[in-house]
DNA sequence: GAAACTTACATGCACGCGCATTGGATGTCA
DNA sequence: TGACATCCAATGCGCGTGCATGTAAGTTTC
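Quick look at the structure:
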């Protein structure tokens, strides 16, 4: 019974790999095609919109980093992209001028809300009932 | 009950993301540090070694591609890397000169066998009992 | 059997990632 | 106060990936 467990971990890993790749590819493609958003970009918007409900969620970079599976540098550039697209604004923090606050712009909020159904649909296709 | 299902798919996806990232990062790091192998490289060796048991498994590129979550171009380059390291050899197929056969070299076989315990250990740490 | 199509693999290219480093701000200790 | 460690974010760099394309070899159609 213990020997069989070896096969199990491989199988579980293969299955995880399959689900991850299928889902992330489709998410990436759909979000890009329909909303001009990468998956990382979307995830940032998602967290920001959760942060402060509606009307401009804000969060520090460090907090975002902790909630995402993205390195500090990758996150920094993702935010740069979002900022360039006008979906997010950076603001220095008064209390700690090393830190940066992020704020969702109205346009960012709008884009996120538009993309959310696409996101859900894809997830439901892969995990749904 | 149906409304809750929406939360479920997100949760399932988050969980998949977490497991995938944690596991693949650790696999990548451990394989690289201990055996100078990337995860993609290892997966190719793994399939090849399964293909024909011991003594030089061989397979066509197309078959490999079908078994991996890797684009055709990425696979081609992965094999180039493996070939450069002497772990694999390319051979043109007599019957179809477009196709390439891949063969595990003794060195490749050895490297794979050495790396396998590392691979298993990591998987067991993440999926085990 | 020649032209049109398809298939297998390699390669140019752009992009996003992680690692390491940098630069500026903050905290600490003597 | 001055020296040093720590922290936050940005950036240089190299790498692996996917997409689009190129090239050569097989297949189909007439």
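Residue numbers (the UniProt record's numbering), protein chains in the order written: chain G, 1 to 129; chain C, 1 to 129. No residue lacks a Cβ here, since even glycine has one placed at the ideal position from N, Cα and C.
{"Item": "Three-state secondary structure assigned by DSSP to residue 68(G)", "Value": "coil"}
{"Item": "Rounded distance between the beta-carbons of residue 27(G) and residue 112(G), thought under 8 Å", "Value": "Their Cβ separation, rounded to whole angstroms, is 14 Å, which puts residue 112(G) and residue 27(G) out of contact at 8 Å."}
{"Item": "Residue 115(G), enclosing beta strand (DSSP E) - first and last residue", "Value": "Element bounds for residue 115(G): not the beta strand (DSSP E) but the alpha helix (DSSP H), 106-127."}
{"Item": "Beta carbon of residue 104(C) nearer than 8 Å to that of residue 79(C)", "Value": "no"}
{"Item": "Per DSSP, cross-strand counterpart(s) of residue 62(C)", "Value": "Per DSSP, none; premise fails for residue 62(C)."}
{"Item": "Residue 93(G) burial status per 10 Å Cβ neighbour count (16 or more: buried)", "Value": "exposed"}
{"Item": "Stretch-stretch touch, CB-based, cutoff 8 Å, three pairs: the region 22-36 of chain G with the region 32-42 of chain C", "Value": "no"}
{"Item": "Close-in-space but distant-in-sequence residues of the same chain around residue 42(C) (CB under 7 Å, 5 per side omitted)", "Value": "31, 115 and 119"}
{"Item": "Selected residue, minimal CA-CA separation from residue 182(G), among 82(G), 88(G), 72(G) and 16(G)", "Value": "The requested residue 182(G) is not part of the displayed model; chain G covers only 1 to 129."}
{"Item": "CB contact below 8 Å: residue 1(G) versus chain C", "Value": "Residue placement at residue 1(G) cannot be trusted, given a pLDDT of 45 that sits under 50; the coordinates are not used to answer."}
{"Item": "Interface partners of residue 124(G) on chain C, CB under 7 Å", "Value": "9"}
{"Item": "Beta-carbon spacing of residue 121(G), residue 16(C) below 8 Å", "Value": "no"}
{"Item": "Partner residues on chain G for residue 23(C), Cβ-Cβ distance less than 8 Å", "Value": "13 and 16"}
{"Item": "Candidates 48(G), 21(G), 25(G) and 99(G), of which the one nearest residue 108(G) by Cα", "Value": "48(G)"}
{"Item": "Any C-beta of chain G under 8 Å from that of residue 44(C)", "Value": "no"}
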